[in-house]
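Q:
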Amino acid sequence: MSLNTLAQALVSGALLGCFYTLMALSFSMILGVTRGLNLAHGDLIILGGYLGYWLWSGSGLHPLFLVPVAAAALLPLALVWHWLFHRLPEPRELSSLVLTFGLSLLLQNIMLALWRGEYRLIASESLTGSLGLGGLRLNQGRLIVAAAALLVVGGLFLGLTRTRWGRAVRATSLDRDAAALLGINVDAATRTTFLLAFCLCGATGVLFATLHYLYPAGGIELTLLAIVLTIWAGVGRLRSVLAAGILLGVIEALTLAWSGPRWRELVVALMLLGSLLARSGGLARGWSH
Amino acid sequence: MTRALLEVEGVEAGYDDVRVLHACSLEVRAGEFVALVGPNGAGKSTLLKTITGLLPVSAGAIRLDGERIDGLPPYAIAARGVALIPEGRRLFAPLTVRENLELGAFLPRAHGQEEETLRLIFRLFPVLQEKALAPAGVLSGGEQQMLALARGLMARPRLLCLDDPFLGLARLVTNRFCQAIREITAEGMTILAAGQHVRRLLRLAHRAYLLEEGHVVLSGPGTGLLQDERLRRSLIELIPGGVDQPTG
Ligand SMILES: Nc1ncnc2c1ncn2[C@@H]1O[C@H](COP(=O)(O)OP(=O)(O)OP(=O)(O)O)[C@@H](O)[C@H]1O
Ligand SMILES: [Mg+2]
Numbered sequence: 001m002s003l004n005t006l007a008q009a010l011v012s013g014a015l016l017g018c019f020y021t022l023m024a025l026s027f028s029m030i031l032g033v034t035r036g037l038n039l040a041h042g043d044l045i046i047l048g049g050y051l052g053y054w055l056w057s058g059s060g061l062h063p064l065f066l067v068p069v070a071a072a073a074l075l076p077l078a079l080v081w082h083w084l085f086h087r088l089p090e091p092r093e094l095s096s097l098v099l100t101f102g103l104s105l106l107l108q109n110i111m112l113a114l115w116r117g118e119y120r121l122i123a124s125e126s127l128t129g130s131l132g133l134g135g136l137r138l139n140q141g142r143l144i145v146a147a148a149a150l151l152v153v154g155g156l157f158l159g160l161t162r163t164r165w166g167r168a169v170r171a172t173s174l175d176r177d178a179a180a181l182l183g184i185n186v187d188a189a190t191r192t193t194f195l196l197a198f199c200l201c202g203a204t205g206v207l208f209a210t211l212h213y214l215y216p217a218g219g220i221e222l223t224l225l226a227i228v229l230t231i232w233a234g235v236g237r238l239r240s241v242l243a244a245g246i247l248l249g250v251i252e253a254l255t256l257a258w259s260g261p262r263w264r265e266l267v268v269a270l271m272l273l274g275s276l277l278a279r280s281g282g283l284a285r286g287w288s289h
Numbered sequence: 290m291t292r293a294l295l296e297v298e299g300v301e302a303g304y305d306d307v308r309v310l311h312a313c314s315l316e317v318r319a320g321e322f323v324a325l326v327g328p329n330g331a332g333k334s335t336l337l338k339t340i341t342g343l344l345p346v347s348a349g350a351i352r353l354d355g356e357r358i359d360g361l362p363p364y365a366i367a368a369r370g371v372a373l374i375p376e377g378r379r380l381f382a383p384l385t386v387r388e389n390l391e392l393g394a395f396l397p398r399a400h401g402q403e404e405e406t407l408r409l410i411f412r413l414f415p416v417l418q419e420k421a422l423a424p425a426g427v428l429s430g431g432e433q434q435m436l437a438l439a440r441g442l443m444a445r446p447r448l449l450c451l452d453d454p455f456l457g458l459a460r461l462v463t464n465r466f467c468q469a470i471r472e473i474t475a476e477g478m479t480i481l482a483a484g485q486h487v488r489r490l491l492r493l494a495h496r497a498y499l500l501e502e503g504h505v506v507l508s509g510p511g512t513g514l515l516q517d518e519r520l521r522r523s524l525i526e527l528i529p530g531g532v533d534q535p536t537g
C-alpha cells in the first residue's frame, strides 16, 4: 500500500468516523433518556438522506444547504417517537425493541414505495473536485462534509456540557428520579432530546448520501453500527463516543484499502467481540445508576 | 403558633398495587427539625417520595405553605423549595463532584448563592473540595453520602427532606453534619429527616413522628419520644440491638 493510499484511507476513515460519531451520539442520547433502543435509527438517517436527495435533484441546491432542511423535516417524526416511547410498558429495554422493529420495517416500506429500490447518491459537482495537499490528492467533497460533521459534533459537545439544557439532559439520562428531584423537568428534557436527535439523523443522512449510495434497507447496518459504538463507548460518555467513532471509521477504511470490501464486516465484528471480552462497560454501565 | 410549612393530611400512597401509607398525617412548621422514625419497611422512604412527587397520592392532601402540591410533578415541587436527599444517594456517578454540586443548584432559586453555599459545604466536608474533579462514582461510600447531602444543600431548599442521612458516615463527620444542621435550622432551613439512627435523630429533632406499617402511631417532642415506652418497644423489637443501632 502506497503512502498516498494510506493517507487517503486515514482521511476518509476519519470522515466516516465523524458520521459514526454523529449517528452513535443521537442513538445513545435517546437510549440515555428513555432506556429504549431505537432500532429504526438507521432508517431515519436513510430517510434524511432520501429527503436530501429528493430536494437536491429537484432544486440543484448545494447539498450543504439541504442539511438543515432535512434536519427540520424529521422534527414531526421526533414527536411521534416521543409519544410512542412515553407509552412503552416496562421493561422498556425490551418493549422498545418490539416497537422500533415495527417502525423500522414501516419506514423501509415507505421509502421503498416512494423511491423504489434504486440506489441514489447526491453526486453534486460542487463536491467532486479534488484538492492537492503536498503529494496527496484528497477528495474535496469529503473534506467539506468532514468539516460539517465536525462542526455539528463540536456544537453538540458544547451544548451538552456547557448549557443548562445539556446538563439537564445528561442528568436525566443518568438518573431520572434524581434529576427530577433537583428541579429538572425530565419530560421536557426527554422531548428536547428526541427533537435534537432526530435533527441529527436528518443532518447525518444528507451528509451520508453525498458519500454512500442510499437504498431503503441501508439503515439496518447503520443501526447496528450505532449499537456497536454505544456498547464500546457507554451512554453519555461524549469523548469515548468520538474516539470510538473515529477508531471504527479508520479501521474500516484501512481494512478496505488493504483487502477490499470482503473483510470489512468481519474485522468490525471481531473488534466488537474483542472489546466486549476486554471490558464489561458500555451499555450495561450506562444503564445502572 | 407558627403556621405549618408542610402539611400532610390523611395521605394514602404506595406502589402500583401495594398500598403502603394509610391515612398518614403530619406537619412540619417553618424552621423546625422533624424526625420520622420507624422500623424497616414502615413506609418512611415511601412518605418522603410521596411528598416530593415521585409517587402519586391516591387520597388525602399535601400542602406547602397552604397550597396543594400533591399531583404536581417532582420538578414543580422542587421549584417550590422542597428537596429530597434520597435513599441510596442517587449521585450522577460518571460526572465529577463539582458537576454534581452544580446540578444541585439547577433551579433558578439557587442562583446567585452557589459560591456562598459551596463555601459552607467545603468547610463541612473538606474532602469534597480536594476531590472536586474526581468522578462521583469513585468516592468512598461515606464521601458519597457527604456529596449527596451537599448536593441537596446546593438547592437552598426551604424544606430539606433527608432519607437516612447518616448512613455510612463516621461519628466525627456525623457530628459535624449535625452541627451544620443546627446552624442551618437556626438560619431558617426546615428539615424532615427519616432514618435508622433513631437516638441521634431524636436528639436533634424538635419533634418526631413514629411510623409503623404505614400509620403514624406516635408523635411528640424528640427527646420526649426517646423516653417513650411504645417507641422503645417498636424499635427494640424490630431493629436488632435496639434504639442505639446502628451506632451514630
Ligand atoms: N419500589 C417498590 N415497589 C413495591 N413496593 C415497595 C417499593 N419500595 C418499597 N416498597 C414496600 O413499601 C413498604 C415501605 O417501604 P419503605 O422503603 O418506605 O420503608 P422504610 O420505612 O423506608 O424502611 P427502611 O427503614 O428499611 O428504609 C415496604 O413494605 C416495601 O416492601
Ligand atoms: Mg427507607
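For the record, the sequence lines run as chains Y and B. All residue numbers for the first sequence refer to our numbering, where the first residue is 1 and numbers rise by one. All residue numbers for the second sequence refer to our numbering, where the first residue is 290 and numbers rise by one. Just so it is clear, CB atoms sit at the ideal spot from N, CA and C, and this is done for glycine as well.
#1: Strictly by DSSP, which residues pair up with B:L499?
#2: Quick check for students: name the residue ranges of the beta strand (DSSP E) that lie wholly in the stretch 130–192 of chain Y, counting only runs of 3 or more.
#3: Less than 8 Å separating the beta-carbons of Y:L22 and Y:V152?
#4: What residue does the alpha helix (DSSP H) around Y:Y53 start on, and which one ends it?
#5: Just confirm the distance between the C-beta atoms of Y:G249 and Y:G17, as a whole number of angstroms; I'd bet it's less than 8 Å.
#6: Let me check you understand the geometry: is the CB of Y:S26 closer than 7 Å to at least one non-hydrogen atom of ligand 2?
#7: Using the beta-carbon count (16 or more within 10 Å), is Y:G13 buried or exposed?
#8: Within this structure, are the beta carbons of B:L593 and B:A483 separated by less than 8 Å?
#9: One question on the structure: do B:A302 and B:T339 come within less than 8 Å of each other, judged by their Cβ atoms?
#10: Any heavy atom of ligand 2 closer than 7 Å to the Cβ of B:S334?
#11: For the alpha helix (DSSP H) that B:A368 lies in, which residues bound it at each end?
#12: Below 7 Å, is the gap between the Cβ of B:E376 and the nearest heavy atom of ligand 2?
#13: Taking C-beta to C-beta, are Y:T100 and Y:A257 nearer than 8 Å?
#14: Pick from Y:A73, Y:G36, Y:D43: whose alpha carbon is nearest that of Y:G52?
#15: Residues bridged to B:G303 by DSSP?
#16: Please say whether Y:L39 and Y:T223 have beta carbons closer to each other than 8 Å?
#17: Any Cβ of chain B within less than 8 Å of the Cβ of Y:A233?
#18: Okay, do the stretch 398–412 of chain B and the stretch 434–451 of chain B touch, 3+ Cβ pairs below 8 Å being the bar?
#19: Return the first residue and the last residue of the beta strand (DSSP E) that B:G349 is part of.
#20: Taking three-plus beta-carbon pairs below 8 Å as touching, is the stretch 74–92 of chain Y in contact with the stretch 210–217 of chain Y?
#21: Could one say the Cβ of B:L343 lies closer than 8 Å to chain Y's Cβ atoms, at least one of them?
#22: Mind checking Y:A284: buried by the 16 CB within 10 Å criterion, or exposed?
#23: Does the beta-carbon of B:Q434, which I'm using as the reference point, lie nearer than 7 Å to any heavy atom of ligand 1?
#24: If you pair each beta-carbon of the stretch 485–504 of chain B with each one of the stretch 319–338 of chain B, do three or more pairs fall below 8 Å?
#25: Does the Cβ of B:P328 have 16 or more other Cβ atoms within 10 Å, making it buried, or fewer, making it exposed?
#26: Which residues in chain Y sit within 9 Å of B:Y364, going by Cβ to Cβ distance?
#27: Taking 6 Å as the limit between beta carbons, can you name the residues of its chain near B:E376, skipping five residues before and five after?
#28: Quick one, which of B:G457, B:L490, B:I351 has its alpha-carbon nearest B:R471's?
#29: If you reduce the DSSP assignment to three classes, tell me which class Y:P89 lands in.
#30: Can you confirm whether B:L373, when its beta carbon is compared against all beta carbons of chain Y, has any partner nearer than 8 Å?
#31: Of all the alpha helix (DSSP H) runs that stay within the bounds of the stretch 205–247 of chain Y, which reach a length of 4 or more residues?
#32: Which residues, taken in chain order from the stretch 163–175 of chain Y, show a beta carbon closer than 9 Å to some beta carbon of chain B?
#33: Which of the three DSSP states, helix, strand or coil, is assigned to B:R357?
#34: Could you give the C-beta distance for B:L310 and B:L336, rounded to a whole number, given that I count them as a contact under 8 Å?
#35: May I have a chain-ordered list of the beta strand (DSSP E) segments no shorter than 3 residues that lie completely inside the stretch 439–501 of chain B?
#36: When you compare the CB of Y:R35 with every CB in chain B, is at least one pair closer than 8 Å?
A: Quick answer:
#1: B:V326, B:L507
#2: 130–133, 136–139
#3: yes
#4: 41–59
#5: 3 Å
#6: no
#7: buried
#8: Coverage of chain B is limited to positions 290 through 537, which leaves residue 593 of chain B absent and any answer about it impossible.
#9: yes
#10: yes
#11: 363–368
#12: yes
#13: no
#14: Y:A73
#15: B:R308
#16: yes
#17: no
#18: yes
#19: 346–353
#20: no
#21: yes
#22: Residue confidence for Y:A284 is low, a pLDDT of 42 falling below 50, so the modelled location carries little weight and cannot support an answer.
#23: no
#24: yes
#25: buried
#26: A179, A180, L181, L182, G183, I184, N185, V186, D187, A188
#27: S334, D452, D453
#28: B:L490
#29: coil
#30: yes
#31: 219–233
#32: R164, R167, A168, R170, A171, L174, D175
#33: strand
#34: 6 Å
#35: 448–452, 479–483, 496–501
#36: no
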